[in-house]
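Inspection log for the structure reproduced underneath, given as structure tokens.
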Amino acid sequence: MRKRMLVCAVLLGTAAALAGCGSGQISNDYITVSKYKGVEVPKVEGIPDITDESVDNNIETVREGFAEIKDVTDRAIQEGDVVIIDYAASADGQPIQNGSGSDYELTVGSGSFYEGFDDNLIGHNAGDTLNIEHTFADDFNNKTLAGKKASIDVTVKAVREKELPELTDEFVRTISQKSDTVEEYRKEVRKLLEENNKEYIQSELMDSAWKQVLENTEVKKYPKDRLKEEEQSFYDHYEDGADMYEMDFPEFLSKIDMTEAEFKEKAEEAARSNVKEDLTVELIADKEHIKLDDKAYKKAKKELAEEMGYEDVKAMEKEAPEESVRRYILREKVKEWVADNCIQAAPEK
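Per mature numbering (1 follows the signal peptide of the UniProt record, and there is no 0), the sequence shown runs over residues -19 to -1, 1 to 330.
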């Protein structure tokens, strides 16, 4: 999601002149932010303590990633097995669009298919055929199927189980560049979980504080040129999706169950939201002298490229223009400043 937001970002305009006052309110020709420094947010609770169980669970997940898959021929399906199935779903006696598949791989108990689907497979064997009935939720994202009953014909083609590697010093040396023994690896995993916990707390705090700032922001008027640019970015993104599936735009919209009028409304809504956020970032950055010098910008850009999974900065810039990258980094820096200056309220007991 962050990658898409980055790619779709557009050039920032020059920040308008601002005026501040003692109450903490700041404003310019476009917006007024009633409060941005010292906003009160709920205290973010991370994991109080990284337990041995947490470490063991993480290591177990790693072992599963290196598991060997072996065919099961002497027993029925049980939770944790990997099954290969063919399936075909219908509703009201008609096939459901995109509701069939062949050689579909499913880990029983993962919940990756329809809710309750996995439970119906348990106890069956390779070669079995069965029919599963499913009722879609009333708020199912496909409106044509919401609340309807579906019939799913399933053929179990194969049943497989995972054989996990034994946790030994030798195995540790194959998966870690820092540890040589199981004991060292447990310490490495614990440290990683602690770092992840700190990052989670900071991320949640930034989002919560920034949300409050945006709630404190009133838009007096929108710069029309920037609204137009944002709307065009929204359209461009979805038109690229249509091209990828070799569809014209109206056909693509119908596939995602949306009319052109509904899409236009969403584009306008997204544009207003993005421009409001951009204006807020610019105003706070200007007021608090939050800037990106060349050294800090290059470092942040390199870190962002790595985080987004790009090979290097140049690869990122092929998809995300320089000005878009700079805007994204500035926004994160302002959000971090807001979080560092917020007030965390202890949760009520």
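Using N, Cα and C, we set each Cβ at its ideal position, and we do this for glycine too.
As the structure is a prediction and not an experimental result, all values here were calculated from the model.
Reduced DSSP category for THR110 - H, G, I as helix; E, B as strand; rest coil:
Looking up residue 110 in the sequence shown gives position 129. Residue state for THR110 is assigned as strand, using DSSP reduced to three classes.
Just tell me which of GLN193, GLU220, SER305 and GLN213 has its CA closest to the CA of THR261.
By one-based count along the sequence shown, residue 261 stands at place 280. When each option's Cα is compared against that of THR261, the closest is GLN193.
Best match in GLU151, ASN122, ALA127 and ASN112 for proximity to ILE133 [C-alpha to C-alpha]
As a first step, residue 133 must be located in the sequence shown, where it is residue number 152. Across the set GLU151, ASN122, ALA127 and ASN112, the C-alpha of ASN112 shows the shortest separation from the C-alpha of ILE133.
For the alpha helix (DSSP H) containing VAL43, list its first residue and its last residue.
Here the question's residue 43 lines up with position 62 in the sequence shown. VAL43 -> alpha helix (DSSP H) spans 33 to 46.
For LYS282 versus VAL319, is the C-beta distance shorter than 9 Å?
Start at 1 with the first residue of the sequence shown, and residue 282 comes out as number 301. Start at 1 with the first residue of the sequence shown, and residue 319 comes out as number 338. No.
In three-state terms, what does DSSP make of GLN6?
By 1-based counting over the sequence shown, the position of residue 6 is 25. Residue state, collapsed to three classes: coil.
Check PRO231 in the structure and name its three-state DSSP category.
As a position in the sequence shown, residue 231 is number 250, starting the count at 1. In the structure shown, PRO231 sits in a helix (DSSP, three-state: H, G or I).
Please classify ASP224: is it buried, with 16 or more other beta-carbons within 10 angstroms of its beta-carbon, or exposed?
Counting from one through the sequence shown, the residue named residue 224 turns up at place 243. Answer is exposed; the Cβ neighbour count stays below 16.
Please return the same chain residues whose Cβ sits closer than 8 Å to the Cβ of ALA48, not counting the five positions on each side in sequence.
As a first step, residue 48 is located in the sequence shown; it is residue number 67 there, counting from the start. Correct list, in chain order: LYS143, GLU144, LEU145 and PRO146.
Could you spell out where the beta strand (DSSP E) holding ILE324 opens and where it closes?
As a working mapping, residue 324 is identified with position 343 in the sequence shown. DSSP places ILE324 in the uninterrupted beta strand (DSSP E) bounded by 324 to 326.
Nearest candidate by alpha-carbon position, reference GLY61, set TYR68, ASP275 and THR42
For the purposes of this step, residue 61 is identified with residue 80 of the sequence shown, where counting begins at 1. Checking every option, the nearest Cα to that of GLY61 belongs to THR42.
Below 8 Å, how does it come out for the region 266 to 275 and the region 215 to 235: are there three or more Cβ pairs, yes or no?
Touching, no, given that fewer than three Cβ pairs across the two stretches are closer than 8 Å.
With respect to the beta strand (DSSP E) encompassing VAL140, which residues constitute its N-terminal and C-terminal limits?
Looking up residue 140 in the sequence shown gives position 159. Where VAL140 is concerned, the enclosing beta strand (DSSP E) stretches over 130 to 144.
Counterpart residues of ASP67 in DSSP-defined beta bridges
As a working note, residue 67 is residue 86 in the sequence shown. Bridge partners of ASP67: THR136.
If you compare alpha carbons, which of ASP259, ALA252, ALA286 and VAL200 is closest to ASP10?
If you number the sequence shown from 1, residue 10 lands on position 29. Among ASP259, ALA252, ALA286 and VAL200, the Cα nearest to that of ASP10 belongs to VAL200.
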